[in-house]
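Sequential numbering from 2 applies to the sequence shown in our numbering. Heads up, the thing below is written out as structure tokens.
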Amino acid sequence: MPPESNTAPKTPWLFLAYLILCFHHFGAVLMLHFFNYPGFRMIHEHVGPVFETFNRRMLPFVYLPAGLLVAAALALWRQAPAGLPKRWLAVSAGLSGVSVAATFGIAATVFAGLPATGFTAAIERQLLPWSLGLLVLPAAGAALLALGLMNHYLREARPVGRWLFISVFALLFYSFGSSDTEAQVDYAYWPFIGAADWLPYRHAGSLGIFLGIFLIPAFLPILLKIPLIWLRPPGLSKGLVLLSLAADVWVFYITATYFVPHIQVPLDKGYSLPLITEFLHNNFPMRGSVILAMYAVMGLLFIKVATARAKATGKANNYQLTANS
């Protein structure tokens, strides 16, 4: 067996899946804890339709990826070679498992009863400490260790280019999770929030928290991709980096020129079902479809970097074997 099999997974696809799902889960649980729960407190009028829709949308966009994260972690643990630090992987996978178990065992159980009770003060007092301690913090630890695993895996690349790529990758798929919670789960129940609850719901969360956990991580990759064009790791196609940057610029442009001034700002002033309907109708074709394409391009960029790394390591090993012989 060639030496490279001891320094990297036989295929980067399994590692890619674990990384995507790990960052996705972190983004999703962080969004739930710091953004959804404050808004839930303000919903009193139509709790049944709102939380029934919330629970139904959580299944494919939060619960399913969480379950797949555990499966990917177990599969990667079984197939990971010695070169990928198994202790880091074990701790990262274990922390992910704790967060996922709490997602199903605690959060999902509480959410199932919300259509009947609403998000009461008593539920909030019970849920928030468990959510922070068993969902958010373990997911954060798993994501930090995943960054370390990426750094180790791509260690042959130059540090600046390597960390630019790692940062863009992590922020993008973290935002995948936070935006799934926002766009795929929350937007779906907006039409059911009553007019009396709308403004308290809209203004429940802290603007600073929203910027810090959602908006800045979503748009920061635009700035990071600019130096990545010239400082990219080996194997990274300049054309694909430019394509990904163009997608980012389009999302920023359409958000700043249409969604914010024509939809979000008026909705900050009052409830409007026609505006919400227009928003739901246009969000995916004008913005969501481009974001999905951007995720696909970033996954392809990772595969290209991993493939180039494997080839370079294989050539180095062959040269060393030839020299030794």
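C-beta atoms are modelled at their ideal positions from N, C-alpha and C, and glycine is treated no differently.
Where residue i falls, given that 16 or more other Cβ within 10 Å makes a residue buried
i      : result
Ala83  : Because Ala83 carries a pLDDT of 48, less than 50, the predicted location of this residue cannot be relied on, and the following value inherits that uncertainty. By the 10 Å Cβ count, Ala83 comes out exposed.
Asn325 : Only weak support exists for where Asn325 lies, its pLDDT of 49 falling under 50; the value from the coordinates is given anyway. The residue in question, Asn325, is exposed, as its Cβ has fewer than 16 Cβ neighbours within 10 Å.
Asp187 : buried
Phe290 : One detail in the question is off: residue 290 reads as Ser in this sequence, not Phe. Exposed, because fewer than 16 other Cβ atoms sit within 10 Å of the Cβ of Ser290.
Thr258 : exposed
Glu279 : exposed
Tyr154 : buried
Thr110 : exposed
His282 : exposed
Ile214 : buried
Tyr254 : exposed
Pro218 : buried
His204 : exposed
Trp1   : Because the chain spans 2 through 326 in this model, residue 1 falls outside it and cannot be assessed.
Leu129 : exposed
Simplified DSSP assignment, three categories, for residue i
i      : result
Phe120 : coil
Gly68  : helix
Ser207 : coil
Leu85  : coil
Arg57  : helix
His45  : coil
- Message: For a minimum of 4 consecutive residues, which ranges assigned as the alpha helix (DSSP H) are wholly contained in the region 220 to 281?
- Response: List check, alpha helix (DSSP H) in window: 239 to 255.
- Kindly provide the ranges of any alpha helix (DSSP H) runs that are 4 or more residues long and lie completely inside the region 122 to 201, ordered along the chain. Segments of the alpha helix (DSSP H) lying fully in the region 122 to 201: 122 to 131, 138 to 154, 160 to 180.
- Query: Are the region 39 to 57 and the region 85 to 97 touching by the rule of at least three beta carbon pairs closer than 8 angstroms?
  - Reply: Output reads no: the region 85 to 97 does not touch the region 39 to 57.
- Query: Using 8 angstroms as the threshold, is the region 40 to 54 in touch with the region 185 to 200, meaning 3 or more CB pairs across them?
  - Reply: Between the region 40 to 54 and the region 185 to 200, the count of C-beta pairs closer than 8 angstroms reaches three or more; the two stretches touch.
- Item | Cβ pair count under 8 angstroms reaching 3, the region 218 to 230 against the region 150 to 166 | Per the Cβ contact rule, the region 218 to 230 is in contact with the region 150 to 166 (3 or more Cβ pairs under 8 angstroms).
- Touch check for the region 290 to 300 and the region 120 to 139: three-plus C-beta pairs under 8 angstroms? In short, these stretches do not touch, since the Cβ pair count stays below three.
- Task: Kindly confirm or deny that the region 167 to 187 and the region 13 to 25 touch, where touching means at least three C-beta pairs closer than 8 angstroms.
- Result: Verdict: yes, contact present.
- Query: Counting Cβ pairs, one atom from each stretch, are 3 or more of them under 8 angstroms apart for the region 292 to 309 and the region 173 to 187?
  - Reply: Yes, the region 292 to 309 is in contact with the region 173 to 187.
- Query: Between the region 64 to 76 and the region 93 to 107, are three or more C-beta pairs nearer than 8 angstroms?
  - Reply: Put simply, the region 64 to 76 touches the region 93 to 107. At least three CB pairs are less than 8 angstroms apart.
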